[in-house]
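Heads up: the structure comes next, in structure tokens.
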Amino acid sequence: MFFEVLVYCLLCAILVAYSFCIYKKTQRAFVLAILSLQVIATVVQISSVFASDVEIHISIQFFIFMFGIVIPAILFFMNYANINIYEMLDIKLGDIAMNKGNYEKAIQKYQKALVENSKNSEVYVKLGKAYNAVGDKKTAFDRFAKAVELNRNDYRSYYEIGVIFNDMNKKKDAGLMLDNSLRIKPDFTEASVLLAEVLCTENKFDEAIHVYKEAIKYDIDNYELYYKLGVVHTELRDFNDALDCYKNVVRLNPQYYEAYFSMGQIYLLKGEFDNAIEAFSNSIFDKEISGRAYYQMAKVCMLKENEIAAVENIQKAIDVDPTFRYKAEKEPLFKNISDYLDGMHMVSTAQMKLEQEIDEKVKEKYEKEYEKEGENEKEFTKAELENVHFNYFDKFNS
């Protein structure tokens, strides 16, 4: 037992010596604090050897074990594995500051981390994002470029440089950087999307389609990619391909209402009015789209020669956005119903027209019944005739 305690004390003494060497090298207050606690724990442990009749409390034993063995051993391992705890701490604090939107503090922490290790490309990326967040794009560009210099396979830095070039309207340079990013990581969706958008601004739609299709291969359930691809096909008037894309969107996300609206527009252009009505009806659940959807449904109703439904849909569009009334008044398609476009009374006017149609149907039915009775040579008084009219009117309403 005495021999085991002696070995234990010797191990504590060796770790104290090692910690002292680390302190001389780093001059860190944190290491000095650990060293002080180590010395205390080691002294208590050695003292227990010469006072064997004294029982050490379990809390003191735990203190000796933690600060005499465990924590110094951890410091030894981290130093051996070239892990800088101060660098890790500064990076973590910088990440917390970034998440809270405190970019100035994040910059300070990342810069302190670089003092510990100036070859850490990850920190340069984080620092570049922080500078970008405060609007200092020049410094951000320099930090991302430094990250690429340290790590030629840093696809994120290529992407971030591409973003900066794109913001500066340097499309060709942006495309080159994004190509480099995707060459290293072909499944980097963000780079694919931005590259396709850059190509579209240069009217290189076929190349953009290729980029989107390649991105979908790696992220087949990404409905955003399908929608963006559908938009490009629509731009090229490849309506069938665009419809296929939008159908994939709503298959993956039935609540993506913008896709329904886009489908409705294509069906309207193709003259498939029933499909257009169905698609627009599915898009009205989005408040930002509903006004446009009702307005487009009004157009479809006019093309189907259903003026009552057209007026009702225009009114619904106006309820969402009053500016649709002025738009409808100038729309040639709505010329025949311009008399009903009087703002708040549009529905009531339409209802009146509908009631007139009902009256005509009632009258027609009544006349047929009267002719039938006449054939039976039954004569009615004026009061009886009116009674028949009302009976059939009630029957129709029921």
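Residues 3 to 400 in our numbering are what the sequence shown spells out, letter by letter. Idealized CB from N, CA, C, for every residue including glycine. This one's a predicted model, so the numbers in the text were calculated from it and none came from an experiment.
CA-CA distance, Gly-345 and Ile-211? Annotation note: pLDDT 48 at Gly-345 (below 50); position unreliable, no value reported.
Skipping 5 residues on each side, what residues in its chain have a beta carbon closer than 6 Å to that of Gly-164? Ala-176, Met-179 and Leu-180
Where Val-200 falls, given that 16 or more other Cβ within 10 Å makes a residue buried: buried
For the alpha helix (DSSP H) containing Gln-298, name the first residue and the last one. 289-305
At the level of alpha carbons, what is the spacing between Asp-138 and Lys-107? 15 Å
Can you list, in chain order, the stretches of the alpha helix (DSSP H) that have 4 or more residues and sit fully within the region 211-299? 225-237, 241-254, 259-272 and 275-285
Buried or exposed for Met-348, please, with buried defined as at least 16 other CB atoms from any protein chain shown within 10 angstroms of its CB. Legend: pLDDT at Met-348 = 45, less than 50; position of this residue unreliable, value from coordinates given subsequently. Result: buried.
Under a Cβ-count criterion, where at least 16 other Cβ atoms within 10 Å of its own Cβ denotes burial, should Asn-122 be classed as buried or exposed? buried
Among Val-46, Asn-101, Asn-104 and Leu-116, the one whose alpha carbon lies nearest that of Ile-87: Leu-116
Considering only residues of the same chain and omitting the five flanking positions on each side of Asp-221, which have a CB-CB separation below 8 Å? Asp-189, Thr-191 and Leu-227
Test item: CB-CB of Ala-319 and Tyr-296 under 8 Å: yes
On the three-state DSSP scale, how would you describe Pro-2? Nothing about residue 2 can be read from this structure; the chain reaches only from 3 to 400.
Looking at C-beta atoms only, is the number of pairs between the region 301-315 and the region 271-285 that lie closer than 8 Å three or more? yes
For Ala-244, which residues in the same chain have their Cβ closer than 7 Å to its Cβ, ignoring the five residues on either side in sequence? Gly-232, His-235, Thr-236 and Ile-268
So, helix, strand or coil for Met-170, using DSSP? coil
Quick check on DSSP: helix, strand or coil for Glu-192? helix
If you run the structure through DSSP and keep just helix, strand and coil, what is Ser-120? coil
Between which two residues does the alpha helix (DSSP H) holding Ile-98 run? 87-101
So what's Lys-187 in DSSP terms, helix, strand or just coil? coil
List the whole-angstrom C-beta distance separating Lys-114 from Asp-92, where the pair is believed to meet the contact cut-off of C-beta under 8 Å. 5 Å
Taking DSSP as the reference, what is the three-state secondary structure of Gly-164? helix
Please list the terminal residues of the continuous alpha helix (DSSP H) segment that includes Val-322. 309-322
Can you give the Cα-Cα distance for Ser-350 and Tyr-259, rounded to whole angstroms? Any reading at Ser-350 needs caution, since the residue's pLDDT is 47, under 50, leaving its predicted position unreliable; the model's value is listed next. In a straight line, the C-alpha of Ser-350 is about 30 Å away from that of Tyr-259.
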